[in-house]
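A.B. asks: In the working numbering, the protein residues as written are -15 to 346.
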C-alpha cells in the first residue's frame, strides 16, 4: 500500500513546527504510515523515523520480511537491527544530520529518556499529530469500515433467535465472536458487550454468567474488523414484553439518537452535535443517567478522533467516521443504548449501520 500522501501530510506538520524529523512508535500509527501490521507490543523492536528527506522503518529479523512486503514500491527504507533498535536509531539520527526531533506523546517513558539522553538537539513531545491526520478517511478506508459495519449487522441479525430466557451473556458473546470470525472478521474491534437486566445499566459491562430472564433489557455492543478497520454498533432489546417504563426510556434514547443523527454535518464542533441529542434526555429528567459522550471517531481503532461529547471543542470534519450513541442507564432496572456508525458529510451524514432501531420485544 502506498502511503506517500500520508507521509507528505506529516512532513507538512514538521515544517510548520520547524522540526527536522519525527520518531513514531505507536503501533496503529505505524500501520497507518507504512501499511505494516505486526503482532508486537511495546517491547518489540519496531519504530519509524520520518524527516523531510527520508523515511525509515527500524525492525529486527522477526518482522523484516513482513515490513519489506508492506513497504514495497514506497519511499520507506528498511533498517534491520540485530541489537538495540534505539542505539541504532540514535546513531542514524546523528549521521543523517537531524537537529530537532518530534516524539509522540504516547511513547513509553523509558524510550523517551533513552533518546533524550543521547540526542543533542531539540526534542518536542507532540500530541496526536498522526491521529489528527487519521480522522479524515480516504475512500478505501470508508469502504473497509462499511464492510465491517455490514458484517456487524449480520452478526446482530444472527444472534436474535439466540436471545431467549435462560441464555447466558457469556454464551451469547461467544456465539457473536464465532459468527464474526467464521464470516470474515479478522478480529474484533473490542470485546463484545452483552449485558442483561441490571447489568445493562453499566455502559461497558463485561459479559458474565448471568442468564436472561423475561422482562430483561439486553444490550449488545459489537464490532467486526475488516481490512484492519473497525465497526461499532449497539442495540438494546427486551426479552418478552417491555414494560411502560422500558418503552419510555427506549423511546427517549431513540428520539435523542435521531436528533444527534440529524445534527451531524462537517465543520460543527463535537459538543454542538452532542448537545442536540443530550438536550432531549436532559429535558425528560434523565440527564444524570447519560454519563458518557454521544460519540467518537472509528477507524483503525474503535476509539479515535474526533470527540463528540461536551468536551469536543474541535470541529468534526467531513470524511470522518463517527458513532452516535446516546444512552440512559437506570440503576436497578437496566439501560438502553442505540449506536450507529456514520460518515460525516458537508450537509449531513450517511449511516453505515442497518440494524433496526425500533424496540424489539423478543
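Cβ atoms here follow ideal geometry from the backbone N, Cα and C, with glycine treated the same way.
1) Which of the three DSSP states is assigned to residue 10 in this structure?
2) Can you list, in chain order, the stretches of the alpha helix (DSSP H) that have 4 or more residues and sit fully within the stretch 45 to 95?
3) My output table needs one value for residue 123: the three-state DSSP class, helix, strand or coil.
4) Within the chosen definition, does the stretch 254 to 266 reach the stretch 214 to 222 through at least 3 CB pairs nearer than 8 Å?
5) If we ignore side chains and look at the alpha-carbon of each, how far apart do residue 327 and residue 99 end up?
6) Could you pull the start and end residues of the alpha helix (DSSP H) that residue 155 belongs to?
7) Please state whether DSSP places residue 266 in a helix, a strand or coil.
8) Can you name, in chain order, every residue of its own chain whose Cβ lies under 8 Å from the Cβ of residue 154, other than the five neighbours on each side?
9) I'd like to check one pair, residue 281 with residue 294: are the Cβ atoms closer than 8 Å?
10) Give the secondary structure of residue 287 by DSSP, where H, G and I count as helix, E and B as strand, and everything else as coil.
11) Nearest by alpha-carbon distance to residue 333: which of 51, 247, 212 and 182 is it?
12) To the nearest whole angstrom, what separates the beta carbons of residue 180 and residue 200, a pair I think is in contact under 8 Å?
13) Smallest Cα separation from residue 29: which of 10, 61, 69 and 89?
14) Can you tell me whether residue -10 is buried or exposed? The criterion is at least 16 other CB atoms within 10 Å of its CB, across all chains shown.
15) Bridge partners for residue 219 per DSSP, in chain order?
16) Taking just the CA atoms, how far does residue 320 sit from residue 96?
17) On the DSSP bridge list, what partners appear for residue 225?
18) Considering just the uninterrupted stretch of the beta strand (DSSP E) at residue 108, what are its terminal residues?
19) How would you call residue 349, buried or exposed, if buried means at least 16 neighbouring beta carbons within 10 angstroms?
20) Reducing DSSP to helix, strand and coil, say where residue 132 ends up.
21) Assign residue 49 to buried or exposed, taking buried as 16 or more other Cβ atoms, counted over all protein chains shown, within 10 Å of its Cβ.
22) On the CB-based measure, 16 or more other CB atoms within 10 Å of its CB, does residue 121 come out buried or exposed?
C.D. replies: Taking the coordinates as given:
1) coil
2) 48 to 54 and 69 to 79
3) helix
4) no
5) Cα-Cα distance, rounded: 40 Å.
6) 153 to 166
7) helix
8) 178, 191, 192 and 193
9) Residue 281 is positioned such that its CB atom lies no closer than 8 Å to that of residue 294.
10) coil
11) When each option's Cα is compared against that of residue 333, the closest is 247.
12) Right, their Cβ atoms sit about 5 Å apart.
13) 69
14) buried
15) 204
16) 43 Å
17) Looking at the DSSP assignment, residue 225 forms no beta bridge with any residue, so it has no partner.
18) From DSSP, the beta strand (DSSP E) with residue 108 extends over 106 to 110.
19) Outside the shown range of the chain (-15 to 346) lies residue 349, about which nothing can therefore be said.
20) helix
21) The residue is exposed, with fewer than 16 neighbouring Cβ atoms inside 10 Å.
22) buried
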